[in-house]
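K.L.:
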Amino acid sequence: MFFNSIDFAIFFPIVFILYWFVTKGNLRLQNILLLVSSYFFYACWDWRFMFLLIFSTLLDYFTGIKIHEAINQRKKMFWLWLSIGVNLGFLGVFKYYNFFAASFADGLSLLGFKANFGTLQVILPVGISFYTFHGLSYVIDLYKNRIKPERNFIDYSLFVSFFPLLVAGPIERATHLLPQILKKREFDYSRAVDGLRQILWGLFKKIVIADNCATYVNQIFGSYETQSGSTLLLGAILFAFQIYCDFSGYSDIALGTARLFGIELLRNFAFPYFSRDIAEFWRRWHISLTTWFRDYLYIPLGGSRGGKWQAIRNTFIIFLVSGFWHGANWTFLAWGTFHALLFLPLLLLQRNRKNTNSVAENRILPNLKELIQMISTFLLVVFGWIFFRAETIGKALDYIARLFEKSLFTIPKVEGANGFYLCLLSIILTEWVQRSKKYGLQIDMISSQAIRWLIYLSIVVLILFFGGKSETFIYFQF
Amino acid sequence: MKKFIIKLTLFSILFVSISYLLDYIISTGLKHTEEYRFQSWNDIIDSKINADILIMGNSRAFSHYSPQILDSVLNINSYNIGIGGHPFNVQHLKYELYERHNIKPQLIIQNIDFATFSPHVSILHEREQVFPYINDSLLKNQLINFGYSGAELYLPFYRYFGYQMVIKNGIFEYLGLKHYNFQPAYKGYRPEQGKWDGSELNKLSKIEPLMDETTISLFENYLAHCKKFNIKVVMVNTPIYYVASQKLENKKKFNDLIIGISKKYNVPYLDYTNDSICLDTVNFSVAVHLNKKGAEIFSKKLANDLNAMNILK
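Same order as they appear, the protein sequences are chains S and V. Residue numbering for the first sequence is 857 to 1334, as defined by my numbering. Residue numbering for the second sequence is 14 to 326, as defined by my numbering.
1) Given a cut-off of 7 Å, decide if S:Ser1079 and S:Leu1264 are closer than it, judged by their beta-carbon atoms.
2) Assign S:Asn1170 to one of three DSSP states: helix, strand, or coil.
3) Going by Cα to Cα distance, which pick from V:Thr227, V:Val103, V:Leu120, V:Ile38 is closest to V:Asn320?
4) Less than 7 Å between the beta carbons of S:Arg1258 and S:Leu1088, yes or no?
5) Just to confirm the assignment, what range does the alpha helix (DSSP H) spanning V:Asp66 have?
6) Report the rounded CA-to-CA distance for V:Leu34 versus S:Ala899, giving the unit in angstroms.
7) Would S:Ile862 count as contacting chain V if we go by Cβ distances under 7 Å?
8) What distance in whole Å lies between the Cβ atoms of V:Gly95 and V:Phe75, which are believed to be in contact at a cut-off of 8 Å?
9) Rounded to a whole number of angstroms, what is the C-alpha to C-alpha distance between S:Tyr917 and S:Asn1124?
10) So who's on the other strand from V:Tyr199, going by DSSP bridges?
11) What are the residues of the segment 1039 to 1057 of chain S that lie near chain V, defined by any Cβ-Cβ distance shorter than 9 Å?
12) Among residues of its own chain, excluding the 5 on either side of S:Thr1193, which ones have a beta-carbon nearer than 8 Å to its beta-carbon?
13) Which two residues bound the contiguous beta strand (DSSP E) that contains V:Met248?
14) I need the boundaries of the alpha helix (DSSP H) containing S:Asp1108, first residue and last residue.
15) Within 10 Å of its beta-carbon, does V:Glu165 have 16 or more other beta-carbons around it, so buried, or fewer, so exposed?
16) From V:Gln104, V:Gly183, V:Ser53, V:Glu233, pick the residue whose C-alpha is nearest to that of V:Ile39; which is it?
17) Compare the C-beta of V:Phe144 with all C-beta atoms of chain S and state if any pair is closer than 7 Å.
18) Please compile the residues from chain V whose C-beta is within a distance smaller than 9 Å of the C-beta of S:Gly1324.
19) So the beta strand (DSSP E) V:Ile121 belongs to, where does it begin and stop?
20) Between the segment 1098 to 1109 of chain S and the segment 1050 to 1066 of chain S, can you find at least three pairs of beta-carbon atoms closer than 8 Å?
21) Does the separation of the CB atoms of S:Leu889 and S:Val1064 fall below 7 Å?
22) Report the neighbours of S:Val1316 on chain V: residues whose CB is nearer than 8 Å to its CB, in chain order.
23) Are the Cβ atoms of V:Phe170 and V:Ser32 separated by less than 7 Å?
24) Would you say V:Phe185 lies against chain S (beta-carbon separation less than 7 Å)?
25) Looking at the strands, I want to know which residues DSSP matches up with V:Ile220.
26) Check the Cβ-Cβ distances between V:Phe195 and every residue of chain S, and say whether any is below 7 Å.
27) Counting only Cβ-Cβ distances shorter than 8 Å, please list the residues of the segment 1098 to 1113 of chain S near chain V, keeping chain order.
28) State the start and end residues of the unbroken alpha helix (DSSP H) segment that holds V:Asn317.
29) Which of the three DSSP states, helix, strand or coil, is assigned to V:His302?
30) Runs of 3 residues minimum, wholly inside the segment 78 to 119 of chain V: which ones carry the beta strand (DSSP E) assignment?
31) State the Cα-Cα distance for the pair S:Leu1199 and V:Ala300, rounded to the nearest angstrom.
32) Just the Cα atoms here: how many angstroms apart are V:Asp36 and V:Lys15?
33) Could you tell me which residues DSSP puts in a beta bridge with V:Tyr282?
34) Using the rule of at least 16 other Cβ atoms within 10 Å of the residue's Cβ for burial, across every protein chain shown, is S:Pro1156 buried or exposed?
35) Could you tell me the alpha carbon to alpha carbon distance between V:Ile244 and S:Asp902, rounded to whole angstroms?
36) For a cutoff of 7 Å on Cβ pairs, would you count V:Met322 as touching chain S?
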């Protein structure tokens, strides 16, 4: 059940009505309803994976209690590593086994040995990378005594399985979401309206921008051998917008949906393409994952406190793991490595926290320096996306080699895209104007209701007119 | 909460109204285009056809039978309602709609080939071709069996979602900004424009005629229906390039099936797959499709043969 499907358009209002009108504010009933709805939502993808989700939930629920009750550090450690091991074991089997088996066999064949480890014919359970990380953050926080264990299984399960975030995040923290689940929630008109607005904006980004970009990107990447350098550059730029609008659009819908139930989820995107350097980009892109890796991997490894070499090692680890988290393919590792290489100079020169404010704060336009910084950062990110989008490293390198041919200085050719460029421009301008807000359509400052409604209806009409052929969300595969 | 529900309801009403308005504008616009996808459906729905001879079949029907030639030789009014890319179940749906809105024909030329009796399929190829007519009660009841969702059939505008060019064409046509006659067909006939290059033949390893029981049963019911209403039917297998013909499998089984049906319902069967047209690539665009020249030669031959058979007397 996709957020942009007719099924969800039926499912969501039913849950909303039951939640606010039938449960009559009874927190226990509300949580049971949200949990049942979340399991139904998940079962719509593939009911068999429900068992995996429930097992993972049970595992972390019990190991969490055991960690808390452990009488000594060794036992605590045992339960922690049991949870981590089993969780990562499942992730490894479903997501990485085939990759490792094939890569190991390839490696041995290079050394002259023949090996065949066989591959598993398994489908990747949707959302496994996300709910595994939810669970891991919970047990690690318990181990670090940051939280107390949640003994109500329904409440804990809802923290793991809350349907707006279940299949593609944001990756929540027990410290942030659990207290909201346990607290009585009242309907708030302005929050609900804000939620609807964010859903509308997410739909616009997904349906109009990402789905249309996908059409052109698929064309260009599918026949890159015959395209000019300029078209290949345009293809990579369009993919940058596709993946941004796809994933941030999804996150907007998830945040808006949760807000309609009185729950605030973690912000996942903060206008990342207006970043002035790569460090700023990573503070603004997939924030819930970046901060997860920072808090549960980078800092426990010592961060940048142990000298230059440790900082370099840890930076590479975090970016490689981040790349690998996205999928079992060398292309994701190359993408992670590329970003590590971009990030390192900033870290070593201690310039990684230089741009922590919003660009051109209190000004309409950026100055020339900021503009150059933004464009160069964007182009570097675009360059990295080529590895992310390509099927193999070889194809990515070939794509890049062809991009830098003489034809780079010709006019790119993408059939039928002229009208779409206006939509693309509209979203860039809107997000620029709104860059100090939480999302592009946060227009509560416009006092005239007529104007606000006119804007909403215009967006609805644009969605109806320019809606691309329905595409799945890119991050569902991760 | 009350305020929220009231505003949400108001917004939903506005949204539904916009959807209905757009649906009306686009559908009306498309009903006025002469674009090949919609032209024959428009003529059917508008009861404009009322042909003496109706040609039915798949792409090998709409691109092989020239009504102009049939009309001139037989001195009658013919029309080609061939629908590309689909076996008999979809062809039959179009015929049902035809009968509902037009006078029954005297004769149906039913194109028969290796694809006719394939298992029932949804309308997948150019599925937008029926969008403007979805409110016709026959289509509304039937299309659910042809891969159209309830949402497409009952919600305003929903079916057009994602078909940007169709939306644009419908609106432009409605507003009179542009008249679309892209690849217009003459009485449903749209000859193939492509030139023979042989590449498709090289890729073709075999052609396997499928003989699905359900489709055959539907076909036989249709022949019985025609007999009941005194509609003559002639089954025609049009030319295939002879090299491709050699790649046809189960030839005997297929011929036995057709001849069996032919005898059972007393329906003539004209087989042109061994005709001299089949010997020269100059008559073909691809192995199983005649080009314009080939289609005209074939149409003349067929018209003369029908004349000789005195079938309309």
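Each residue gets a CB set at the ideal place from its N, CA and C atoms; glycine is no exception. If you're wondering where the values come from, they're calculated on a predicted model, not measured in any experiment.
P.N.:
Based on what the coordinates show:
1) no
2) helix
3) V:Leu120
4) yes
5) Looking at the sequence itself, residue 66 of chain V is Ile, so the reference to Asp does not match. It is not in any alpha helix (DSSP H) - V:Ile66 instead sits in the beta strand (DSSP E) that spans 66 to 69.
6) Going by the C-alpha atoms only, they are around 37 Å apart.
7) S:Ile862 counts as touching chain V.
8) 3 Å
9) 26 Å
10) V:Tyr202, per the DSSP bridge assignment.
11) The segment 1039 to 1057 of chain S vs chain V, Cβ under 9 Å: Phe1043, Tyr1045, Ala1048, Val1049, Leu1052.
12) For S:Thr1193, where only same-chain residues beyond five positions count, the Cβ hits under 8 Å are Phe1172, Phe1175, Leu1176, Gly1179.
13) In the DSSP assignment, V:Met248 falls within the beta strand (DSSP E) that extends over 245 to 250.
14) 1085 to 1116
15) Per the 10 Å Cβ criterion, buried.
16) Taking V:Ile39 as reference, the option from V:Gln104, V:Gly183, V:Ser53, V:Glu233 with the minimal CA-CA separation is V:Gly183.
17) Chain S has no Cβ within less than 7 Å of the Cβ of V:Phe144.
18) Gly175, Gln177
19) 120 to 124
20) yes
21) no
22) Phe28, Ile31
23) yes
24) Chain S, which has no Cβ nearer than 7 Å to the Cβ of V:Phe185, makes this no.
25) In DSSP, V:Ile220 forms a bridge with V:Leu261.
26) At a cut-off of 7 Å between beta-carbon atoms, V:Phe195 makes no contact with chain S.
27) none
28) 305 to 322
29) strand
30) 91 to 93
31) Strictly speaking, residue 1199 of chain S in this sequence is Phe, with Leu absent from that position. If you take the alpha carbons of S:Phe1199 and V:Ala300, they lie about 58 Å apart.
32) Their backbone Cα atoms lie some 31 Å apart in a straight line.
33) V:Met248
34) exposed
35) 51 Å
36) Answer no: the Cβ-Cβ gap between V:Met322 and chain S never drops below 7 Å.
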